[in-house]
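Everything on this sheet refers to the single structure shown next.
Residue numbers (our numbering): 121 to 437.
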């Protein structure tokens with residue numbers, strides 16, 4: 121089967137050949153030209169207009185080679201899963217300005233207000249779409265607060281849509297499922313955000329998030345790898361203003377601990393925090409347990425317990 125781009129190119133070439141083979145019915149001339157400005161097909165010899173009001177189906181941009189032609193596209197934003205209508209419907213701006221930036225008259229403003237109201241009603245036709253619109257806005261709000269990239273928002277939106285389509289929302293709060301979808305997306309995309317951090321920007325308790333997360337992960341068959349504590353090291357070290365030497369030493373401590381099976385059943389953030397603390401002592405850039413605990417959002421007790429295990433794994437007593 122031919123690829124769409126190659127097939128489209130052949131169709132355009134065939135259309136061009138057909139245009140070239142047209143003869144003037146008045147004088148029989150084959151000198152037929154296209155007036156792009158007027159949208160007319162005209163005989164160059166006798167001036168007969170063979171066709172008018174032609175639609176230019178070509179692109180509005182120019183390309184000078186094949187790679188430029190492939191990289192460019194027609195105007196319009198790409199389809200996105202982060203909007204309930206995938207960004208395909210029209211949005212009427214709230215600025216009440218015309219194309220030249222001038223303020224609208226009171227009559228026009230009133231008209232635009234009515235149009236916006238009806239447009240919003242059209243965009244969300246039923247309860248399912250209103251559910252989706254609210255959930256995706258929550259995902260966007262929390263993702264912004266967490267500072268995660270757009271790819272995570274897209275993945276979280278896809279996960280929520282799947283949960284909605286498979287009727288996994290019933291009996292659960294929209295916010296809870298939306299938060300769980302965002303946490304799952306962070307794990308899928310390898311973005312280090314702990315459950316504590318996600319719960320902090322959510323409007324539901326952490327216990328509900330964890331319970332809902334486990335449920336939708338199982339029901340949707342999400343393939344989620346265990347969180348690697350090393351993912352948290354750069355962020356924690358940066359927040360504590362520690363050097364790359366400390367980061368490298370913390371990574372080494374985690375690797376040695378993993379070889380001895382110490383990561384099983386341990387909190388990744390707690391383990392990373394303890395490794396940062398141990399590395400700061402070894403590299404003479406000492407930070408207190410309280411400073412590290414505040415950045416990692418864990419308790420000092422957790423750091424002390426993991427620290428003791430790590431220094432034993434490294435052979436220090």
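C-beta atoms are modelled at their ideal positions from N, C-alpha and C, and glycine is treated no differently. Here the structure is a predicted model, which means the values were calculated and not measured.
Per-residue DSSP class, three states only, for residue i
i           : result
residue 160 : strand
residue 363 : coil
residue 217 : strand
residue 169 : strand
residue 296 : helix
residue 144 : coil
residue 383 : coil
residue 233 : helix
residue 349 : helix
residue 424 : helix
residue 309 : coil
residue 430 : helix
residue 436 : coil
residue 262 : helix
residue 409 : helix
residue 250 : helix
residue 354 : helix
residue 241 : helix
residue 256 : helix
Start-to-end residues for the beta strand (DSSP E) that takes in residue i
i           : result
residue 152 : 152 to 155
6 Å CB neighbourhood of residue i in its chain, flanking five on each side removed
i           : result
residue 417 : 316
residue 314 : 389
residue 370 : 353, 395, 396 and 399
residue 374 : 349, 350 and 395
residue 359 : 415
residue 170 : 161
Proximity of residue i and residue j at Cβ, strictly below 9 Å
i           : j           : result
residue 259 : residue 209 : no
residue 230 : residue 256 : no
residue 324 : residue 293 : yes
residue 265 : residue 279 : no
residue 201 : residue 281 : yes
residue 268 : residue 227 : no
residue 403 : residue 365 : yes
residue 422 : residue 387 : yes
residue 336 : residue 272 : no
residue 340 : residue 274 : no
For residue i: DSSP bridge partner residues
i           : result
residue 225 : Paired residue(s): none; residue 225 is not in a bridge.
Span of the alpha helix (DSSP H), counted from its first residue to its last, around residue i
i           : result
residue 316 : 315 to 321
residue 282 : 270 to 285
residue 327 : 326 to 340
residue 388 : 388 to 402
Sequence-distant residues of the same chain with beta carbon closer than 8 Å to residue i, five excluded per side
i           : result
residue 146 : 163, 166 and 168
residue 262 : 298, 299, 302, 318, 321 and 322
residue 245 : none
Residues near residue i in its chain [Cβ-Cβ closer than 7 Å; skip 5 each side]
i           : result
residue 427 : 394, 397 and 398
residue 410 : 420
Any chain D beta carbon closer than 9 Å to residue i
i           : result
residue 200 : No chain D is part of this structure, which consists of one protein chain only.
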